[in-house]
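Residue numbering for the sequence shown follows UniProt numbering, beginning at 1 and increasing consecutively.
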Amino acid sequence: MTVTTASNQQKIYQVSELNQKARMLLEAEFLNVWISGEISNLVKATSGHWYFSLKDNKAQIKGAMFRGNNRNVRANVENGTQVLVRGRLSLYEPRGDYQLIVELMEPAGEGLLKQEFEALKNNLLKMGLFDQDSKQVIPKEPKRVGLVTSPTGAAVHDILTVLQRRSPQTEVIIYPTMVQGKQAADNIMWAINTANVRQEVDVLIVGRGGGSLEDLWSFNDEGLAHTIYNSAIPVISAVGHEVDVSISDFVADLRAPTPSAAAEIVSTDNSELVTKVRNLHSRLIRAYAHQHQANKNQQSQLKRSLSLLHPSYQLQLAQQKNDELQMALQRAILSKLESAKQRDNINRERLSSLSPKHALSSAKQRLEYANSALPKLMQARLIKKQNQFNSATEKLNIVSPLATLTRGYSITTNKDGKVISDQTQIKDGELVKIRLANGELTANITRQTD
Numbered sequence: 001m002t003v004t005t006a007s008n009q010q011k012i013y014q015v016s017e018l019n020q021k022a023r024m025l026l027e028a029e030f031l032n033v034w035i036s037g038e039i040s041n042l043v044k045a046t047s048g049h050w051y052f053s054l055k056d057n058k059a060q061i062k063g064a065m066f067r068g069n070n071r072n073v074r075a076n077v078e079n080g081t082q083v084l085v086r087g088r089l090s091l092y093e094p095r096g097d098y099q100l101i102v103e104l105m106e107p108a109g110e111g112l113l114k115q116e117f118e119a120l121k122n123n124l125l126k127m128g129l130f131d132q133d134s135k136q137v138i139p140k141e142p143k144r145v146g147l148v149t150s151p152t153g154a155a156v157h158d159i160l161t162v163l164q165r166r167s168p169q170t171e172v173i174i175y176p177t178m179v180q181g182k183q184a185a186d187n188i189m190w191a192i193n194t195a196n197v198r199q200e201v202d203v204l205i206v207g208r209g210g211g212s213l214e215d216l217w218s219f220n221d222e223g224l225a226h227t228i229y230n231s232a233i234p235v236i237s238a239v240g241h242e243v244d245v246s247i248s249d250f251v252a253d254l255r256a257p258t259p260s261a262a263a264e265i266v267s268t269d270n271s272e273l274v275t276k277v278r279n280l281h282s283r284l285i286r287a288y289a290h291q292h293q294a295n296k297n298q299q300s301q302l303k304r305s306l307s308l309l310h311p312s313y314q315l316q317l318a319q320q321k322n323d324e325l326q327m328a329l330q331r332a333i334l335s336k337l338e339s340a341k342q343r344d345n346i347n348r349e350r351l352s353s354l355s356p357k358h359a360l361s362s363a364k365q366r367l368e369y370a371n372s373a374l375p376k377l378m379q380a381r382l383i384k385k386q387n388q389f390n391s392a393t394e395k396l397n398i399v400s401p402l403a404t405l406t407r408g409y410s411i412t413t414n415k416d417g418k419v420i421s422d423q424t425q426i427k428d429g430e431l432v433k434i435r436l437a438n439g440e441l442t443a444n445i446t447r448q449t450d
């Protein structure tokens, strides 16, 4: 309900209306945000939903992750766990609590690797390592193909199988290297440099089979990116599966979605296919950020609209409220128990104070205090009464007629003793008495004047 006043047409909200509007504004503005922090105050409710706080060393925010999303979390989440979360800001209307509705949660380590990946990619992009003008042309029919990979991995087997099937005459030279671990990036750089020194192949395929982000991290090394960029031999990057993207893919002369695809590229004689792949790769680089963001925004908007209209959203709110009531009930029970304990202690103390021994001791203390304080109280009361008497005496003296006579005034009365204050009260020839400060006079009125 909206109420307006006649004086200034000021809009007045009800509390529920204001909370609803605030929630809609928050969810519209912060629809898809990433936040890193530490889990605290974690409660895994019986409904399957998670409620927690996400904090850093300066602040914290309440969070909720509903059952449909938290069952996809791979990590063991507990208080103190460092995580990276994605979600939307919202407001729990019944209490007006500002909170983050988490849709995705992953260990902070993996999240930090993604952030590091994006930072390195942006830095190399600014340095020009991804420029299409610097890309070398992949030979159409290479006679010798160099493989920079593990000699025992799945990638080398897949490449050799494809080359044997499509181009058995092609000679293959393997530059063995580690493809995983702390020393892998240095090993890969050494193998590429060795191939450039020997100049015995027409093209290099640098890659490995699929794996996790940590497994493929060697191909996200800045030093390796510069080595690939500076290679005089054209380089095809073939790291992991089609969905895996590494820094080497962006800086290489061509990116193949898989090692097998790389083998097909170097073994085909169809120049149009190579041109098409290069053009697609170029378009992917140019449109990557724009299209990805556009799709992401559209998906998020559709998801938000669907979530607000879907009955499961209201069900989640109801379940959250039910969880809150259960937790409040638990707190109330604990509070009642604590209050009962406190009342028991108070009753024990009262019972102890009502014992005859305690009462006799208290009475004795009060008697001793009265005996010591009584003389002082009597003396103080006597002094107070004396002061009051003296003050009243002074006030009476001030208003006394006798005190006025001492200043030269007199009081005149007729024969009946009534005070004369006006000449009309007496006639010529009458006797009057004049009262002075000291003594009294009798006079005869002979003449009156105005």
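Even glycine gets a Cβ: it sits at the ideal position worked out from N, Cα and C.
Given the structure is predicted, the values throughout are model-derived calculations rather than measurements.
Query	Result
Run of the alpha helix (DSSP H) containing S231, from where it starts to where it stops	Element bounds for S231: n/a, residue is neither H nor E.
Cα-Cα separation, N270 to K135	Below a pLDDT of 50, predicted positions are generally treated as unreliable, and N270, at 46, falls in that range; the measurement from the model is reported next regardless. Cα to Cα, the separation comes out at about 20 Å.
At least 3 beta-carbon pairs within less than 8 Å: the stretch 61-73 vs the stretch 336-352	no
7 Å Cβ shell around T258 - same chain, five flanking residues per side excluded	A238, H241, E242
Which listed residue (E200, V172, G211, T161) has its alpha carbon closest to that of V179	G211
Contact check, I159 vs L147, beta carbons under 8 Å	yes
Rounded separation between Y51 and G96 - CA only	16 Å
Coarse secondary structure for N57, derived from DSSP in three states	coil
Proximity of N444 and L431 at Cβ, strictly below 8 Å	yes
Environment of Q316 [buried if 16+ CB atoms lie within 10 Å]	buried
Nearest candidate by alpha-carbon position, reference S248, set G223, F219, E264, S231	F219
Beta-carbon contacts of K44 that lie in its chain and below 6 Å, excluding the five residues immediately before and after	W50
Residues of its chain near G80, where Cβ-Cβ distance is below 8 Å and the 5 sequence neighbours each way are ignored	E38, I39, S40
Residue from Q448, N438, G417, G408 with nearest C-alpha to T424	Q448
N-terminal and C-terminal residue of the beta strand (DSSP E) that E106 is part of	97-107
Whole-number beta carbon distance between L213 and S113, since they are thought to touch under 8 Å	The question names Ser, but residue 113 is Leu in the sequence shown. At roughly 6 Å, the Cβ-Cβ gap stays under 8 Å, so L113 and L213 are in contact.
Buried/exposed call for H292, threshold 16 Cβ in 10 Å	exposed
Identified DSSP bridge partners for R67	Answer is none; R67 lacks a bridge partner.
Proximity test, Cβ basis, 8 Å: A195 and chain C	The structure shown contains no chain C; it holds only a single protein chain.
Cβ pair R88, N32 closer than 8 Å	yes
Per DSSP, cross-strand counterpart(s) of D439	One detail in the question is off: residue 439 reads as Gly in this sequence, not Asp. Note: G439 sits in no beta bridge, so no partner.
Inside the stretch 130-157 only - beta strand (DSSP E) runs reaching at least 3 residues	144-149
Buried or exposed (CB count within 10 angstroms, at least 16 for buried), M189	buried
Same chain, Cβ closer than 7 Å to E264, neighbours up to 5 away in sequence not counted	V162, R166
In DSSP terms, what Y13 is bridged to	Paired residues: none, contrary to the question.
Continuous beta strand (DSSP E) stretch holding S90: start and end	82-92
Spatially closest choice to V235 from G223, D253, L224, by CA coordinates	D253
First through last residue of the alpha helix (DSSP H) which encompasses T194	184-198
Cα-Cα separation between residue 515 and V73, rounded to whole angstroms	For the chain, the structure presents residues 1 to 450; residue 515 sits outside this window and is missing.
I398 beta carbon less than 8 Å from that of N414	no
Residue span of the alpha helix (DSSP H) that contains E38, given as start and end	Taken as a continuous stretch (DSSP letters only), E38 belongs to no alpha helix (DSSP H), being part of the beta strand (DSSP E) at 33-44.
Three-state secondary structure (DSSP) of F30	coil
Beta carbon of R144 nearer than 8 Å to that of E103	no
Residue environment, H290, which counts as buried when at least 16 other CB atoms sit within 10 Å	exposed
Local Cβ density within 10 Å of D450, reported as buried at 16 or more and exposed below that	exposed
Of the residues Y369, I346, V419, T227, the one placed nearest T194, counting alpha carbons only	T227
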